[in-house]
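From first to last, the protein sequence lines stand for chains A and B.
Position in the first sequence (from 1) plus 39 gives the number in the numbering used here.
Position in the second sequence (from 1) plus 358 gives the number in the numbering used here.
See below for the structure under consideration.
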Amino acid sequence: MKEQMVKAKRWFAWAILSIFVAGLFSIPGSVMAWEPKKPVEFVIMAGQGGGADRLARLIQSIIAKNKFSPQPFIPINKGGGSGAEALRYLQDKKGDPHVVMATLNSYYTTPLRSNIGVDIKDFTPVARLALDTFLLWVNSESSIKSVDEYLAEVKKAGGKWKMGGTGTGQEDSLVTGMLEGRFGVKHTYIPFKGGGTVAKNLIGNHIDSTVNNPSEQMGFFQAGKSRPIAAFTPERLEAFPDVPTMGELGHNNMVYFMQRSVIAPPGIPSDVQDFYVGVFKKVNDSAEWIKYTNDKSLGRAWLTGNDLTDFFLKEREVHRKLLMDAGEIK
Amino acid sequence: MDIFANLIDGFATSLLPYNMMMITLGVVAGLFIGAMPGLGSVNGVAILLPVTFLVPPTSAIIFLGAIYYGAMYGGAISSIMLGIPGASTAVATTFDGRPMAIKGEADKALVAAAVASFLGGTISIILFTLFAPLLADFALKFGPAEEFALMILAFSTFIGLGGDSILKTLFAIFFGLALSAVGLDVVSGQSRLIFGDITGFYHGINFLVLAIGIYGIGEILWTMEIDKGNVSLSKANVSLKRIFKAIKELKNTWGTVLMGSFLGYFVGILPAAGATPGSLMAYGIAKSASKTPENFGKGEIKGVVAPEAANNAASTGSMLPMLTLGIPGSPTTAILLGGMVIWGLEPGPLLFIDQREFVWGLISSLYTANVFTLLINIAFIPAFIAVLKMPFTILAPIIFVLCVVGGYAPTNDMHDVWLMLIFGLGGYLLRKLNYPMAPVVLAIVLGPLAERSMRQTLIGSHGSPMVFIERPLSLIFLIISLFLFALPLLKKLNLRKKLESL
Numbered sequence: 040m041k042e043q044m045v046k047a048k049r050w051f052a053w054a055i056l057s058i059f060v061a062g063l064f065s066i067p068g069s070v071m072a073w074e075p076k077k078p079v080e081f082v083i084m085a086g087q088g089g090g091a092d093r094l095a096r097l098i099q100s101i102i103a104k105n106k107f108s109p110q111p112f113i114p115i116n117k118g119g120g121s122g123a124e125a126l127r128y129l130q131d132k133k134g135d136p137h138v139v140m141a142t143l144n145s146y147y148t149t150p151l152r153s154n155i156g157v158d159i160k161d162f163t164p165v166a167r168l169a170l171d172t173f174l175l176w177v178n179s180e181s182s183i184k185s186v187d188e189y190l191a192e193v194k195k196a197g198g199k200w201k202m203g204g205t206g207t208g209q210e211d212s213l214v215t216g217m218l219e220g221r222f223g224v225k226h227t228y229i230p231f232k233g234g235g236t237v238a239k240n241l242i243g244n245h246i247d248s249t250v251n252n253p254s255e256q257m258g259f260f261q262a263g264k265s266r267p268i269a270a271f272t273p274e275r276l277e278a279f280p281d282v283p284t285m286g287e288l289g290h291n292n293m294v295y296f297m298q299r300s301v302i303a304p305p306g307i308p309s310d311v312q313d314f315y316v317g318v319f320k321k322v323n324d325s326a327e328w329i330k331y332t333n334d335k336s337l338g339r340a341w342l343t344g345n346d347l348t349d350f351f352l353k354e355r356e357v358h359r360k361l362l363m364d365a366g367e368i369k
Numbered sequence: 359m360d361i362f363a364n365l366i367d368g369f370a371t372s373l374l375p376y377n378m379m380m381i382t383l384g385v386v387a388g389l390f391i392g393a394m395p396g397l398g399s400v401n402g403v404a405i406l407l408p409v410t411f412l413v414p415p416t417s418a419i420i421f422l423g424a425i426y427y428g429a430m431y432g433g434a435i436s437s438i439m440l441g442i443p444g445a446s447t448a449v450a451t452t453f454d455g456r457p458m459a460i461k462g463e464a465d466k467a468l469v470a471a472a473v474a475s476f477l478g479g480t481i482s483i484i485l486f487t488l489f490a491p492l493l494a495d496f497a498l499k500f501g502p503a504e505e506f507a508l509m510i511l512a513f514s515t516f517i518g519l520g521g522d523s524i525l526k527t528l529f530a531i532f533f534g535l536a537l538s539a540v541g542l543d544v545v546s547g548q549s550r551l552i553f554g555d556i557t558g559f560y561h562g563i564n565f566l567v568l569a570i571g572i573y574g575i576g577e578i579l580w581t582m583e584i585d586k587g588n589v590s591l592s593k594a595n596v597s598l599k600r601i602f603k604a605i606k607e608l609k610n611t612w613g614t615v616l617m618g619s620f621l622g623y624f625v626g627i628l629p630a631a632g633a634t635p636g637s638l639m640a641y642g643i644a645k646s647a648s649k650t651p652e653n654f655g656k657g658e659i660k661g662v663v664a665p666e667a668a669n670n671a672a673s674t675g676s677m678l679p680m681l682t683l684g685i686p687g688s689p690t691t692a693i694l695l696g697g698m699v700i701w702g703l704e705p706g707p708l709l710f711i712d713q714r715e716f717v718w719g720l721i722s723s724l725y726t727a728n729v730f731t732l733l734i735n736i737a738f739i740p741a742f743i744a745v746l747k748m749p750f751t752i753l754a755p756i757i758f759v760l761c762v763v764g765g766y767a768p769t770n771d772m773h774d775v776w777l778m779l780i781f782g783l784g785g786y787l788l789r790k791l792n793y794p795m796a797p798v799v800l801a802i803v804l805g806p807l808a809e810r811s812m813r814q815t816l817i818g819s820h821g822s823p824m825v826f827i828e829r830p831l832s833l834i835f836l837i838i839s840l841f842l843f844a845l846p847l848l849k850k851l852n853l854r855k856k857l858e859s860l
């Protein structure tokens, strides 16, 4: 009887000890891995319904569906001033670990075009998820089938050719500027609120051409309502195997990408940065993301850390030159 | 016949017990989301999006559709009961709904709103069922020129009113237009009227901030002045007999309901317009067409049914460009669109062919959701009325808190809360001077749409305004608006003739 008691006591002591030991090992683990303690603000530097917004909401859905984060990501649109509002907001959130932002190319162009007191060098890089591509589109009722025919028609119109796109100084207008600079043609550029509206106006014949992203035209393209005539990419796109690139047609360096990246405010501790990089790495590897990017012909382009900052700074210089060529800045 | 076969298949999907449960849950959630200011259907759908990953795609979109639908009904509740628009689409409902509640006719207003919403919703779903592909082509015909002409038409419905002073109405419209110019200029990309460099103005003035300020805060100030510190109780009664009587009395308004439904539907299917302009226009037309426009703004039942029929019709309408063109007609449908994408449903012209079960399941669920919402809504009316019986000294702080939350929620920015309080004070003073406030709200909603479409058209035509009259649809709209502009003048001439003949 007594012996049994001793045995039980000894067993009990061992149990206590092993719990302690386990605890000791687990404590450093829980201190090291930072996790958000409240919902994460997911700022979108564009308005509701546009390409950037749709992508950010898709990412939010993927995070929520697969429980990649213990706290939800709440999308908030701050599209004012071509993203100036969002950039200033992030600047003011210096050191706040519960904010991240989905960016697009206005991340470079907006601070270049007007002095809003933001230097993108200060922000904390998280991850580049994708590079979106641009194509030259016409309505499928149009007789135009090649870039040469396109240029001939634009020249014939004598400056009255209507090119639709997003806001002036944003990506679509820069691609249009690239076309004009290279071929010496003139378009009448009509800015719309978002890429979806641009696409719809092309199908309704209210404008003559666009430089939409594939995702914006995909629905109409599949229904045979629009026709891509060239891609501003280094290689042919998988979803459009018959569409030549500008390079193939002998027009070198006519390549333009829209980056889809996530950044955090300045002054974020590295363990917080690691947490977000981890979350977006999981998004990047998720089945939903792979399917979406394939369907929409969106190029997956994972990049993180200092390489991402270098990429941002390099792209900023590219855009400085594009804006100067377009006469937007001096 | 093809349509009916599809629809019956659709009902077979949406009437599954599981989907019926999703509809009921969605409608109840939507009703409360809609009734909470600042938590409009946009946020409601966004918050509940993750819930939908637990169920199959068709059930999920039915659930979201039901929330969206319930929220449209719910928006009217706080507009009528508290005078704060629960959602942007319900702003026009405050114009006459709140005065009705003050008169002790809250139950009548709530019944009217529910029945009108039901009819508006049902009519537009029928239109949707019969003519969806056809109407998608119609929406494509709408270019910038047509959009601008439609906006002019909307403004003219508010000028040709008769009742209020025309000069004061014009002032109110221009004041609203000036406010709507704040923020980013779409065409040049430059910021305007940001008062030095106040970042809060970068996103423009959110019109819900203006509406909550004027109607919510303004209402509190107004009641305080009238009561002069006396504690007053709203006269509010409710009984089954009164509800039936209210339904019976609605037969005088069926013309207004029809007008609101058709108008709301057509405005709803235009990409980028949505339910808010639709409901405001319906209100304006109901007032212009009325024989007693002076009663509007003082508790006219037609001023409740017109916007309510229109906003529900428009919310169904705005599903059309989303499904067929892949362009969301409103911020809420933008989020629905995001949901569809993750379920692997590609919106666009092919959706109706490739995803029959989904599309018709959704359409048929709208019919079901509509019936459910009406029943649930009427069942809740006694509970809403009980809230109204609270003394003003308790109600006012609640309203104030809801206003602040409503101002803060859409942008998470304290700047908007301060702005809302300033608008409340300003709106109260303007109201004391007999300035109509509805045109200010109209102008801030429609101003940006009108400006953008006009400038897009003129850029395309190289500055020639002739395009507006060369395009047939735009010409028709402009002729109607010219007539509405001239209406007060014609009425005056007519009146003078009558006086002379006496």
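Beta carbons are placed, not taken as given, at the ideal position from N, Cα and C, and that holds for glycine.
On a predicted model such as this, the values are computed, not experimentally measured, just so you know.
Legend entry - beta strand (DSSP E) runs contained entirely in the stretch 268-317 of chain A, provided each spans 3 or more residues: 297-303
Inset, instruction - Assign GLU80 of chain A to one of three DSSP states: helix, strand, or coil. - result: strand
Inset, instruction - Can you tell me the Cβ-Cβ gap for ALA123 of chain A and TYR560 of chain B, rounded? I've got them flagged as a contact below 8 Å. - result: 6 Å
Legend entry - At least three beta-carbon pairs within less than 8 Å, the stretch 780-796 of chain B to the stretch 489-507 of chain B: no
Inset, instruction - Please compile the residues from chain B whose C-beta is within a distance smaller than 8 Å of the C-beta of GLU124 of chain A. - result: THR557, TYR560 and HIS561
Legend entry - is_contact[THR148 of chain A, chain B] using C-beta, thresh 7 Å: no
Legend entry - 7 Å Cβ cut-off: residues of chain B touching ARG355 of chain A: Within chain B, no residue comes near ARG355 of chain A; the closest Cβ sits about 18 Å away, beyond 7 Å.
Inset, instruction - Classify LYS599 of chain B as buried or exposed, calling it buried when 16 or more other Cβ atoms lie within 10 Å of its own Cβ. - result: exposed
Legend entry - Assigned secondary structure, LEU857 of chain B (DSSP; H/G/I helix, E/B strand, else coil): Annotated three-state conformation of LEU857 of chain B is helix, per DSSP.
Legend entry - Members of the stretch 230-245 of chain A near chain B, C-beta cut-off 9 Å: PRO230, PHE231, LYS232, GLY233, GLY235, THR236, ALA238, LYS239, ASN240, ILE242, GLY243, ASN244 and HIS245
Inset, instruction - Answer yes or no: do VAL618 of chain B and ALA668 of chain B have a C-beta to C-beta separation smaller than 7 Å? - result: According to the sequence displayed, residue 618 of chain B carries Gly and not Val. Yes, these two residues count as a Cβ contact at 7 Å.
Legend entry - Paired residues, beta bridge with PHE112 of chain A - DSSP: A:VAL79
Inset, instruction - Whole angstroms is fine: what's the gap from ILE452 of chain B's alpha carbon to LEU373 of chain B's? - result: The sequence as given places Thr at residue 452 of chain B; Ile does not occur at that position. Approximately 35 Å, taken between the alpha carbons.
Legend entry - Residues that DSSP places opposite ILE752 of chain B in a beta bridge: The partner list for ILE752 of chain B (beta bridge, DSSP) is empty, contrary to what the question assumes.
Inset, instruction - Work out the CA separation of LEU361 of chain A and GLY657 of chain B for me, nearest whole Å. - result: 58 Å
Inset, instruction - Output the residue ranges of the alpha helix (DSSP H) runs that lie fully inside the stretch 366-434 of chain B and measure 4 residues or longer, sorted by chain position. - result: 375-393 and 399-406
Inset, instruction - Compare the Cα-Cα distances from LYS849 of chain B to each of B:ASP454, B:PRO414, B:ILE524 and B:LEU492 and report the closest residue. - result: B:ILE524
Legend entry - 7 Å Cβ cut-off: residues of chain A touching ARG714 of chain B: In chain order: nothing, as chain A lies at least about 16 Å away.
Inset, instruction - Name the one or two DSSP bridge partners that ILE229 of chain A has. - result: A:GLY203
Legend entry - Bridge-paired residues (DSSP) for VAL138 of chain A: A:GLU80
Legend entry - Spatially closest choice to ALA671 of chain B from B:THR447, B:LEU566 and B:MET824, by CA coordinates: B:THR447
Legend entry - chain B within 7 Å of THR207 of chain A, Cβ atoms only: Yes - at least one Cβ of chain B is within 7 Å of the one on THR207 of chain A.
Inset, instruction - Work out the CA separation of PHE730 of chain B and MET378 of chain B for me, nearest whole Å. - result: 10 Å
Inset, instruction - Examine the Cβ distances between the stretch 798-806 of chain B and the stretch 634-654 of chain B and report whether three or more of them are shorter than 8 Å. - result: Contact between the stretch 798-806 of chain B and the stretch 634-654 of chain B is present, because at least three Cβ pairs lie under 8 Å.
Legend entry - Integer Cβ distance of ILE862 of chain B from ALA471 of chain B, believed to fall under 8 Å: The question about residue 862 of chain B has no answer, for chain B in this structure spans 359 to 860.
Inset, instruction - In angstroms with no decimal places, state the Cα-to-Cα distance between THR343 of chain A and LYS106 of chain A. - result: 22 Å
Inset, instruction - Could you please tell me which residues of the stretch 747-771 of chain B, in chain order, have their CB closer than 7 Å to any CB of chain A? - result: ASN770
Legend entry - Residues bridged to ARG339 of chain A [DSSP beta-bridge criterion]: A:ALA169
Inset, instruction - Could you spell out where the alpha helix (DSSP H) holding TRP718 of chain B opens and where it closes? - result: 714-746
Inset, instruction - Ignore the nearest five residues each way along the sequence and tell me which others in LEU488 of chain B's own chain have a CB closer than 8 Å to its CB. - result: Cβ contact annotation for LEU488 of chain B (same chain, cutoff 8 Å, sequence separation greater than five): ILE361, in chain order.
Inset, instruction - With distances taken Cα to Cα, identify the nearest neighbour of THR148 of chain A among A:ALA270, A:ASP171, A:GLN298 and A:GLU188. - result: A:GLN298
Legend entry - Continuous alpha helix (DSSP H) stretch holding VAL625 of chain B: start and end: Under the DSSP assignment, VAL625 of chain B falls in the alpha helix (DSSP H) whose first and last residues are 612-627.
Legend entry - First and last residue of the uninterrupted beta strand (DSSP E) at ALA73 of chain A: It is Trp, not Ala, that sits at residue 73 of chain A in the sequence shown. Element bounds for TRP73 of chain A: n/a, residue is neither H nor E.
Legend entry - Coarse secondary structure for GLY562 of chain B, derived from DSSP in three states: Of the three classes helix, strand and coil, the one that applies to GLY562 of chain B here is coil, per DSSP.
Inset, instruction - List the residues of chain A that GLU317 of chain B touches, going by C-beta distances under 8 Å, in chain order. - result: For chain B, the structure presents residues 359 to 860; residue 317 of chain B sits outside this window and is missing.
Legend entry - Completely contained beta strand (DSSP E) runs for the stretch 429-473 of chain B, where each covers 3 or more residues: none
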